[in-house]
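So the protein lines, in turn, are chains R and Z.
Heads up, the final residue of the first sequence is numbered 153 in this note's numbering, and it's a clean run with no missing numbers.
Heads up, the final residue of the second sequence is numbered 1622 in this note's numbering, and it's a clean run with no missing numbers.
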Amino acid sequence: MDQRTEAAAGGFDRFVARRGGDLWAAAWLLIGDRHHAEDLVQTALSKTFRRYDGFADDRRFEAYVRTTMYRTFVSWWRRLQWRSEVPSGSPPELAAPDGSPADGTDLQRALAALPRPQRACIVLRYVEDRPTKEVAELLGMPAGTVTSHVSRGLAALRVSPHLSTEEQS
Amino acid sequence: MNEEELSDALKGGVPPRPDTAGWADEARRRSRRRRAWTPGALIAVLIAIAAAVASGLPDQPVEIVATPAPSGPAPKVDCRLAVPPSGDVDLSTLTRAVGCTDDAVAVELDAGLTVDVLASVRDGAFPMDTAAPAPEPPDLILLADDGSRLSLVREDDAIYWWDDGSVQHVWDPGAELDARIQEALGLAPGPVRPSPIETGRLPDARGDGLVPTVCDEVQSGEIPVPDLPADEDLPTGAARVWLCGDMWERFGGVGPIEPLTTDADRAVEALNTLPPSEADVCTEMLGLTYHVVVDYPDGSRRVVAAETANCQFVGGWGGREGGAELLDQLLGLWSAQRGDSPEPFTAGVDVCGDLASAPTGTMGLNSIADVERASLYRGFVCGVPEGAAPDADMEQRDLPGELVIAITQATATPVDQWAYPDGSPVVVMLNQYGDPVTYPVDDQGRLQLDDGVWTPEGDLADPWAETLDGLWAGR
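Here it is as C-alpha cells:
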C-alpha cells in the first residue's frame, strides 16, 4: 500500500468513525430496523469507499455516501415491489429509553407504515432538511413527485392510528 | 403536529447510534466481493474446477444421480422434496451448483456457469425484512464441500429465494444469467439468440392504453432483458423499434405510443456506435430507466436496457455507456418520423386504466419526452367515485374542450404547499401524438401546473366543477 493509498485508507476509517453513526440514524429512519439499517450503510460504504480519495473533503464524500444510500434504499424497494412483496408488516424497533419522548416511537411506527418512496422523501425533507429540488435530484424523481410524496406522507401521518392514539392519550 | 415539530420528533426519535468499529473494514471487504469476488474463494473454486477437469469432468451438465460429482462423491440432492431452512451458510464456502429440471432430475451446472452463479449470489443476494414463505421443492441448490447447502426456489419472475430459518434471502440473477441456468437445465433457450415472437402479436403490440403492450411485457419481466456486451452489436435490418419508459420512478415513464418504423436501423446504429463502458464504481448499477425493443422482419426481437443516470449503462454492466446521449438521439428519430409522416393519435384510449395499473409510488403518466403544455390538445380526468375505497377502479371522463384550451394557456400561481388526499383525481392530458402529462388536483380543487396551481374561474368554474363532481373519494 503506497503512502497516498494508506492516507486515504486512514481517512476513510476516520470518516466512518465520525459519521457512521449519523449515516446509520438516517438509514434507521428509512428502514426501522437496526440490523437492516447497518446493512444499508455498509452497502453504501462498500460502493463508495474506493472514491474517498477523490473528494476534497469529508463533507462532500458524505453527500456522495448519502446519495448512494438513498438510491440503494430505493433500489431495494423497487426489487421488492417487482416481486410483489411488501415491506415487513412488523413494527419497527422501539426507540431506546434514552429520554426520547414517547411520541418518537409512535412516530416511527407511523413512518414505517408509509410506502418507501414517501418515507424517503419525508426523511430527506424533515430529517436532513433538504429542499425539494435536492430531494428530487437525489432520488431521481420529478420535483412534483417529491412534493406529492411529501404531501401524501404528511397527510397519512396526520391520520395515522399510531399518532391518533398519542393524541388521545 | 406541524412540520417543525415533525422534524424535531423524527430527529429525536432515533435510537442510540451503534458502535461503528469495524465498519470501514467491512466496507472494504464487501467492496472486494462486489468487484471481483474474493481472491481466496476464487482460487478455491478454480482449484476445484481444475481438480474436476483433471478427473475427467465433462463440460456439459451432468445428472448427479448417474455421474460422479466433480470434486468428491455425488451430493444427495432430491429435487422433489421441500427443504428445511438452510441455517447460516457462509456464501464464500459454496463451490458447486445443481439445478432441478421439470422432471425433478438434479443436474450439475458446468464449471463456468457455476462460477458465475456463485459470484452473482455472493454479490447480489440480500436479506428481506419478511419471513420466508412455506418450504417448496428447490430449483437450484448451492453446495459447499462441508455438506452445507442453500436450496433456492425460483419464482415466475426469475427471482430466486432461500430461507435461512429466520429471514428470506433474495437473489436476482438477471435475465442473462437466469437464461443460462434455464438453458443448462433444458428449460428455455439461451439468452443471446433473439427469441422469436408470434406473428400474431405484432399488430397488437400497441395495446389499448398509452403504454404499448410490448413495453408492459418488458417492464413486468415477461420479456427478458439480456445484457448486451460491448463487443456485440445488435443486428441491422430492424423492422421497427419501440422506446419503453420506466414506470417506476426517475423520469417520464411513457415512451412514444407508436414504434419507430422510418429508418429503424438508425436507432440500431446509434446504439452500436456507443463506446464501451469504462465505469468502475457506480452508485446505482440497477437504475434502469428505459428499454429499446428492436423487432426484426423474421419475427425475432432484441431488448436492450439503458439508463440515463450514474454510469449511463446501455446493455447492462460490461456493455456500452451513453444512455442519456442515446435517448436524445432516439427521441430525435421519433421527432423526425412525426415530422415526415405525422400520425395524430385520436383513438379512444383507456388512460385511467394505465394510471391504475402503474405501480404504487408512480405519480401519474408522464411522457419520456418533454411535452409542452401549449401542445396539449385533449385531456381526461381520472378519479375514484365518491364513496368508493381510494384504491377502487378509477372513472375516466373527458375534459371539456374549453378547459383543455384554458389549461394550455393558464398561468400558475406559486404556492408553498399542496395536499393530495388519497383518491384525489388527476388530469391526464395528451398532445397530438398521444404523449401524456399528468396534473394532480389538490384538496381545494386546484390543478397543479408546473411549480404552482391554477383554478378555473368565471365561465370555466362550472364545467370544472361538473367534471370533478362525484370524484372526490378522498374527501
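Just so you know, even glycine gets a beta-carbon here, dropped at the ideal spot from N, CA and C.
Here the structure is a predicted model, which means the values were calculated and not measured.
Within the segment -8 to 13 of chain R, those residues whose Cβ lies closer than 7 Å to any Cβ of chain Z are, in chain order, -4, -3, 0, 1, 4, 5, 8, 9, 12 and 13. Restricting attention to Z:1532, Z:1152, Z:1499 and Z:1296, the CA atom closest to the CA of residue 1356 of chain Z is found in Z:1499. As summarised for the segment 1567 to 1615 of chain Z, the continuous beta strand (DSSP E) elements at least 3 residues long and confined to that stretch are 1573 to 1578, 1583 to 1587, 1594 to 1596 and 1599 to 1601, given in chain order. By the neighbour-count criterion, in which 16 or more other beta carbons inside 10 Å mark a residue as buried, residue 1313 of chain Z falls on the exposed side.
In terms of CA proximity to residue 1246 of chain Z, Z:1307 leads the group Z:1307, Z:1293 and Z:1239. In the pairwise beta carbon analysis, the segment 1519 to 1538 of chain Z is classified as not touching the segment 1603 to 1611 of chain Z: fewer than three pairs are separated by under 8 Å. Contact of residue 119 of chain R with chain Z is not assigned, every C-beta pair being separated by 8 Å or more. Comparing alpha carbon positions, the residue from R:45, R:8 and R:137 closest to residue 109 of chain R is R:137. In the DSSP assignment, residue 1447 of chain Z falls outside any alpha helix (DSSP H) and lies within the beta strand (DSSP E) extending over 1447 to 1453.
Non-local beta-carbon contacts of residue 1614 of chain Z in its own chain, meaning distances under 8 Å to residues more than five positions away in sequence, involve 1528, 1544, 1546, 1547 and 1550 in chain order. Here DSSP, grouped into helix, strand and coil, assigns residue 12 of chain R to helix. At a cut-off of 8 Å between beta-carbon atoms, residue 1520 of chain Z makes no contact with chain R. For residue 1555 of chain Z, no beta strand (DSSP E) encloses it; the enclosing alpha helix (DSSP H) starts and ends at 1548 to 1556.
Look at the beta carbons and you see the segment 1487 to 1498 of chain Z not touching the segment 1411 to 1418 of chain Z: under three pairs across the two are nearer than 8 Å.
Of all residues in the segment 1153 to 1167 of chain Z, only 1153, 1154, 1156, 1157, 1158, 1159, 1160, 1161, 1162, 1163, 1164, 1165 and 1167 place a beta-carbon less than 7 Å from a beta-carbon of chain R. Residue state for residue 1481 of chain Z is assigned as helix, using DSSP reduced to three classes. The bridge partners DSSP lists for residue 1308 of chain Z are Z:1300 and Z:1317. Judged by beta-carbon spacing, residue 1322 of chain Z lies within the 8 Å limit of residue 1371 of chain Z, meaning their Cβ atoms are closer than that value. In terms of Cα proximity to residue 1582 of chain Z, the closest of Z:1619, Z:1516 and Z:1570 is Z:1516. As the crow flies, the alpha-carbon of residue 1262 of chain Z is around 8 Å from that of residue 1242 of chain Z. A check of alpha carbon separations from residue 1274 of chain Z across Z:1264, Z:1316 and Z:1326 identifies Z:1316 as the nearest. Within 10 angstroms of the beta-carbon of residue 1366 of chain Z lie 16 or more other beta-carbons, which makes it buried.
When R:9, R:119, R:98 and R:92 are compared, the shortest CA-CA separation from residue 1156 of chain Z is found for R:92. Unbroken alpha helix (DSSP H) stretches of 4 residues or longer found wholly inside the segment 1485 to 1536 of chain Z: 1498 to 1504, given in chain order. Just so you know, the alpha carbons of residue 1290 of chain Z and residue 1502 of chain Z end up roughly 45 Å apart. Against chain R, a Cβ distance below 8 Å from residue 1255 of chain Z picks out nothing, because the smallest value is about 28 Å.
Rounded to whole angstroms, the gap between the alpha carbons of residue 1285 of chain Z and residue 1297 of chain Z is 9 Å. Counting C-beta atoms within 10 angstroms of its own C-beta, residue 1329 of chain Z has 16 or more neighbours from the protein chains shown and is therefore classed as buried. With contacts defined as CB atoms closer than 8 Å, residue 1390 of chain Z and residue 1373 of chain Z fail to qualify as a contacting pair. Using a CB distance below 7 Å, the part of the segment 1585 to 1607 of chain Z facing chain R consists of 1587 and 1595, ordered along the chain. Under a criterion of Cβ atoms nearer than 7 Å, no residue of chain R is adjacent to residue 1318 of chain Z; the nearest Cβ is some 10 Å distant.
Counting only residues of its own chain and dropping the five nearest sequence neighbours on each side, residue 1562 of chain Z has a CB closer than 7 Å to the CB of 1599 and 1600. Secondary structure note for residue 1392 of chain Z: it is in no alpha helix (DSSP H), and the uninterrupted beta strand (DSSP E) holding it is 1387 to 1392. Between residue 1511 of chain Z and residue 1575 of chain Z, the C-beta spacing is below 8 Å. With respect to the 8 Å criterion, residue 1424 of chain Z and residue 1468 of chain Z are classified as neighbours on the basis of their beta carbons.
Of the residues assessed, residue 1369 of chain Z falls on the exposed side of the cut-off, its CB having fewer than 16 other CB atoms within 10 angstroms.
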